[in-house]
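Here the structure is laid out as structure tokens; the discussion comes afterwards.
Numbering (this note's numbering), first residue to last: -2 to 73.
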């Protein structure tokens, strides 16, 4: 079975407790909680990238059928 934590926090002075957690010491030592940190990085891409076929190179299109798959028996 799992372990459930039920905690009630009331704000007395009007300030809230964002991102707060109350745990006991023995639960912490037993590995009751763990944390994960996620970071985002954004990159600007320059140029154009094509997946499948490059429309500026029509000679590549002759090796594919109408579904974009190679013709049966063709060498890959």
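Where a beta carbon is used, it is the ideal one built from N, C-alpha and C, also for glycine.
Residue state for residue 61 is assigned as strand, using DSSP reduced to three classes. For residue 23, the enclosing alpha helix (DSSP H) stretches over residues 22 to 26. The DSSP-derived three-state label of residue 69 is coil.
Put simply, of 20, 36, 35 the residue whose alpha carbon is nearest the alpha carbon of residue 29 is 20.
A straight-line Cα-Cα distance of about 40 Å links residue 71 and residue 39.
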